[in-house]
Amino acid sequence: MNLASKRLVACCVAAAMFGSAAVFGPAGMFGPAESQAAQRPRKERAAAPNRDNSFAVRFPEGLRQTPDSVARQEQWFRDAKFGAFIHFGVYSTLEGEYQGRGSGFRYSEWIQISAKIPAEEYHQVAARFNPAEFDADQWAKTFKDCGIRYVVITSKHHDGFALFKSLVSDYNIVDYTPFKRDIIKELSEACHRQGLKFGVYYSHAQDWDEPDAPFLNNRAKRTDIHPDLPDDFRPDIDRYITRKSLPQVEELVKNYELDLIWFDTPVEMNLERVKRFSEVVRKHRPDCLINSRIIHSGRGTIEAQYLPYYDYVSIGDKEVPTRKLPLYVESPDSVSSSFGYKTKGECYYHSEKEMIDRFVHTVCAGGNALINNGPMGNGRLDPEAVRLYGAIGDWLKVNGESIYATRRNPLPERPAWGDASVNKDGKTLYLHVLEWPESGALGVSGLPGVVTSASFLAGGDAAPFSQQGDALTLSLPAAPLDPYDTVIKLSLDTPAGSGSARSPAAQGERAP
């Protein structure tokens, strides 16, 4: 179907809906993760740059999440902590390069822009997309076995191609490809069978297949993708929203059992447009969580006027919080430097230690870690991603109680040796020792009460300690009990303030 025909179909469907106003492949492809990390500059290997000032600016004092958002979070989201993000689509088959072009850009899912592939040419790639080895049940079981509690997959990324059956546009996996199956439907059902929550990513503002949609990246011009546009063409974002974006979002929330919808790159979004998207989600699926990228970029300043229209904050790509934050957050991290599957050009995976450090710091700051993998074009999960997920999962089998259903670090400051989390009633504090003290002694200050017992989660042995006032000293073995994060469990005689049932952290209120 040509562009004009697609526009006509989209217009007719939109009018009807809104009215006329309206796993596993070849292992070792990249080499071991540790080797990949060793080949990168030190500044790239650091868990996260120090962004205290940035977070302080972006999260103004006095922010409060709305009571209905807190209620939605507390149904499952605040306890889940660990999600799988999936970037999968036409771009997965290109692996970061097209006809020798585009491999210099770190994100392979941006290949249409980085390689300046015209829409009609990209359509030919899409028409051959056939992930015949996709197995939704195997994906879901793998995620569950790794300790993952929810899954979010790209239902439509910036290239405009949908992984679900859409009546709005035939540019979707069922109508446009030989695969002919609805991946969103199959994965949603498989995840729910495994007891996992399920959500979709939807690029609501950017759509490179639609000339009316905003054009964000300067690596290519609109005319590079649509060379047939007339000289006097003027893009109209509201025309794009009405014809395609909003109707497809309504299809998703009406036709699929969604627990979460993940918007992205809100270029040219304003209050009126945000309301339209938020209202259509709330209309059909009141308990479905909405992320902040409906209006705020990942590293943008949070504005209080928009808080009623989403439920939690998605911070920047691969960004780890460096301080406790007043709103509940989620870090969209990734096991590798790209989000889509990438083998061409510079690419690397993080080490197990990096991933667990980032995960722990995100949870202890008061958030979830949504850790991405990019499946291969044939439909199989990337084996290195599965290995890294598995390392996290193995660590969680021993230390999961210090992560799941916990609340943020109640100590006055993040300790130099690691981080801390607390259970819901505030009477069990978990110390995450990420950097083992050479002295053999671990100091903790700012304790809210008297420690009645201390033990290591790995092995369960008691940890000798002494306490004077709010200062605790623990005697440690000569070497860590866990290669990534040795967790010490402290029982307190009184609840830690940030973990108590009526605390600011539990209620979504501003932290001290």
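In mature numbering (1 follows the signal peptide of the UniProt record, and there is no 0), the protein residues as written are -21 to -1, 1 to 491.
Ideal Cβ placement from N, Cα and C applies to all residues, glycine included.
Please read these numbers as outputs of a predicted model, since none were measured by experiment.
### Query
Are the beta-carbon atoms belonging to residue 131 and residue 122 less than 7 Å from one another?
What you label residue 131 is simply residue 152 of the sequence shown in a count that begins at 1. What you label residue 122 is simply residue 143 of the sequence shown in a count that begins at 1. Judged by their CB atoms, residue 131 and residue 122 are not nearer to each other than the 7 Å cut-off.
### Query
Going by DSSP, what residues sit across from residue 69 in a beta bridge?
If you number the sequence shown from 1, residue 69 lands on position 90. Looking at the DSSP assignment, residue 69 forms no beta bridge with any residue, so it has no partner.
### Message
Does residue 82 pass the burial test, meaning 16 or more other C-beta atoms within 10 Å, or should it be called exposed?
### Response
In the sequence shown, the residue the question calls residue 82 occupies position 103. Classification for residue 82: buried.
#### Entry: Alpha-carbon to alpha-carbon, residue 43 and residue 489
If you number the sequence shown from 1, residue 489 lands on position 510. If you number the sequence shown from 1, residue 43 lands on position 64. Confidence at residue 489 is low in this model, with a pLDDT of 34, below 50, so the placement of that residue is unreliable and no value is reported for it.
### Query
CB-CB under 7 Å to residue 358, same chain, minus the five flanking residues each way: which ones, in chain order?
Here the question's residue 358 lines up with position 379 in the sequence shown. Excluding positions up to five away in sequence, the list reads 110, 111, 112 and 113.
### Query
Opposite residue 402 in the DSSP bridges: which residues?
Residue mapping note: residue 402 aligns to position 423 of the sequence shown, counting from 1. Note: residue 402 sits in a beta bridge opposite 385.
### Task
May I ask you to verify whether the stretch 195 to 213 touches the stretch 86 to 106, counting CB pairs closer than 8 Å and requiring at least 3?
As far as the Cβ criterion goes, the stretch 195 to 213 touches the stretch 86 to 106, which means the pair count is three or higher.
### Query
In chain order, what residues of the same chain have a beta carbon less than 6 Å from the beta carbon of residue 419, not counting five sequence neighbours either side?
The residue given as residue 419 occupies position 440 in the sequence shown. For residue 419, where only same-chain residues beyond five positions count, the Cβ hits under 6 Å are 455.
### Query
Between 421, 403, 342 and 287, which lies nearest to residue 395 when the distance is taken from Cα to Cα?
The residue labelled residue 395 in the question sits at position 416 within the sequence shown. Comparing Cα positions, the closest option is 421.
### Task
Taking only the alpha-carbon atoms, compute the straight-line gap between residue 128 and residue 64 and give it to the nearest angstrom.
The sequence position of residue 128 within the sequence shown is 149, counting from 1. The sequence position of residue 64 within the sequence shown is 85, counting from 1. Their Cα atoms are separated by approximately 11 Å.
### Query
If we count the other Cβ atoms within 10 Å of its Cβ and call it buried at 16 or more, is residue 213 buried or exposed?
Here residue 213 refers to the residue found at position 234 when the sequence shown is read from its first residue. Exposed, because fewer than 16 other Cβ atoms sit within 10 Å of the Cβ of residue 213.
### Query
How do the stretch 372 to 386 and the stretch 43 to 61 stand: do at least 3 beta-carbon pairs fall below 8 Å, yes or no?
Between the stretch 372 to 386 and the stretch 43 to 61 there are three or more inter-stretch CB-CB distances shorter than 8 Å, so the stretches are counted as touching.
### Task
Note down, in chain order, each residue of its chain lying with its Cβ closer than 6 Å to the Cβ of residue 349, except the 5 sequence neighbours on either side.
Counting from 1 along the sequence shown, the entry for residue 349 is found at position 370. Correct list, in chain order: 62, 64, 309 and 311.
### Query
For residue 5, which residues from the same chain have a beta carbon less than 8 Å from its beta carbon, with the 5 sequence-adjacent residues on both sides left out?
To locate residue 5, count along the sequence shown from 1; it is residue 26. Model confidence at residue 5 stands at a pLDDT of 28, short of 50, so the residue's coordinates are unreliable; what they give is reported in the following sentence. The beta carbon of residue 5 sits closer than 8 Å to the beta carbons of 362 from its chain, once the five residues preceding and following it are set aside; these are given in chain order.
### Message
Which same chain residues end up closer than 8 Å to residue 471 when comparing Cβ atoms and leaving out the 5 residues on each side of it in sequence?
### Response
Reading the sequence shown from its first residue, position 492 is the one you call residue 471. Scanning its chain for C-beta atoms nearer than 8 Å, with the 5 sequence neighbours on each side dropped, one finds around residue 471 the residues 405, 406, 407, 408, 426, 427, 428, 429, 430 and 431, in chain order.
### Query
residue 290 and residue 277 look like a contact to me (Cβ under 8 Å); what is the Cβ gap, rounded to whole Å?
Your numbering for residue 290 matches position 311 in the sequence shown. Your numbering for residue 277 matches position 298 in the sequence shown. The beta carbons of residue 290 and residue 277 sit about 16 Å from each other, so the pair does not count as a contact at 8 Å.
### Task
Within its chain, find whatever has a CB closer than 7 Å to the CB of residue -1; leave out the 5 residues flanking it on each side and keep chain order.
Along the sequence shown, read from residue 1 onward, the residue named residue -1 stands at position 21. Unreliable placement is indicated for residue -1, whose pLDDT of 34 sits below 50; no coordinate value is reported for it.
### Message
Spatial neighbours of residue 264 within its chain, please: C-beta separation below 7 Å, excluding the five flanking residues on both sides.
### Response
For the purposes of this step, residue 264 is identified with residue 285 of the sequence shown, where counting begins at 1. Excluding sequence neighbours, residue 264 sits near 232 and 237.
### Message
Does residue 268 pass the burial test, meaning 16 or more other C-beta atoms within 10 Å, or should it be called exposed?
### Response
Position 289 of the sequence shown, counted from the first residue, corresponds to residue 268. With 16 or more other Cβ atoms within 10 Å, it is buried.
### Message
Given a cut-off of 7 Å on the beta-carbon distance, is the pair residue 163 and residue 143 in contact?
### Response
Residue 163 sits at position 184 when you count from the first residue of the sequence shown. Residue 143 sits at position 164 when you count from the first residue of the sequence shown. In this structure, residue 143 lies closer than 7 Å to residue 163 by Cβ.
### Message
Only counting the same chain, and skipping five residues up and downstream in sequence, which positions put a Cβ closer than 6 Å to that of residue 323?
### Response
Along the sequence shown, read from residue 1 onward, the residue named residue 323 stands at position 344. In chain order, 74, 75, 76 and 82 place their CB closer than 6 Å to the CB of residue 323, counting only its own chain and leaving out the 5 sequence neighbours on each side.
### Where the alpha helix (DSSP H) containing residue 345 begins and where it ends
Numbered from 1 along the sequence shown, position 366 holds the residue referred to as residue 345. Secondary structure note for residue 345: its alpha helix (DSSP H) is the uninterrupted segment 331 to 345.
### Message
Let me confirm a value: residue 399 is counted as buried when at least 16 other C-beta atoms fall within 10 Å, else exposed. Which label applies?
### Response
One-based indexing of the sequence shown puts residue 399 at position 420. Residue burial annotation: residue 399 is buried, with at least 16 other C-beta atoms found within 10 angstroms of its C-beta.
### Query
For residue 333, is the classification buried or exposed, using 16 other Cβ atoms within 10 angstroms of its Cβ as the cut-off for buried?
Locating residue 333 in the sequence shown gives position 354, counting from the first residue. It is buried - the Cβ of residue 333 has at least 16 other Cβ atoms within 10 Å.
### Query
Can you tell which of 99, 105 and 57 has the C-alpha that lies nearest to the C-alpha of residue 151?
As a working note, residue 151 is residue 172 in the sequence shown. Taking the Cα of residue 151 as reference, the smallest distance to any Cα among 99, 105 and 57 is reached at 105.
### Beta-carbon spacing of residue 463, residue 273 below 7 Å
Counted from its first residue, the sequence shown places residue 463 at position 484. Counted from its first residue, the sequence shown places residue 273 at position 294. Their beta carbons are not under 7 Å apart, which means residue 463 does not touch residue 273 by this criterion.
### Message
Going by beta-carbon coordinates alone, are residue 216 and residue 179 separated by less than 7 Å?
### Response
Locating residue 216 in the sequence shown gives position 237, counting from the first residue. Locating residue 179 in the sequence shown gives position 200, counting from the first residue. No; because the gap between Cβ atoms is not below 7 Å, this pair is not in contact.
#### Entry: Rounded C-alpha distance that separates residue 433 from residue 331
Position 454 of the sequence shown holds residue 433. Position 352 of the sequence shown holds residue 331. C-alpha of residue 433 to C-alpha of residue 331: approximately 27 Å in a straight line.
### Query
From the DSSP output, which residues share a beta bridge with residue 172?
Residue mapping note: residue 172 aligns to position 193 of the sequence shown, counting from 1. Per DSSP, none; premise fails for residue 172.
### Query
What separation, rounded to the nearest whole angstrom, lies between the Cα atoms of residue 190 and residue 218?
As a first step, residue 190 must be located in the sequence shown, where it is residue number 211. As a first step, residue 218 must be located in the sequence shown, where it is residue number 239. If you take the alpha carbons of residue 190 and residue 218, they lie about 10 Å apart.
### Task
Might you give, ordered along the chain, the residues of its own chain that have their beta carbon closer than 6 Å to the beta carbon of residue 390, omitting 5 neighbours on each side?
Counted from its first residue, the sequence shown places residue 390 at position 411. The residues 399 and 425, in chain order, have a CB closer than 6 Å to that of residue 390 in the same chain once the five nearest residues on each side in sequence are set aside.
### Task
With DSSP as the reference, label residue 148 as helix, strand or coil.
Along the sequence shown, read from residue 1 onward, the residue named residue 148 stands at position 169. Looking at residue 148 - three-state DSSP - the assignment turns out to be coil, as it is neither helix nor strand.
#### Entry: Closest Cα partner of residue 176 within the set 90, 168 and 275
Start at 1 with the first residue of the sequence shown, and residue 176 comes out as number 197. With distances taken between Cα atoms, residue 176 lies closest to 168.
### Message
Relative to the C-alpha of residue 182, which candidate in 223, 154 and 171 has its C-alpha closest?
### Response
Along the sequence shown, read from residue 1 onward, the residue named residue 182 stands at position 203. Closest by alpha carbon: 223.
### Query
Going straight from the alpha carbon of residue 249 to that of residue 282, what length do you get?
Within the sequence shown, residue 249 is the residue found at index 270, counting from 1. Within the sequence shown, residue 282 is the residue found at index 303, counting from 1. Approximately 12 Å, taken between the alpha carbons.
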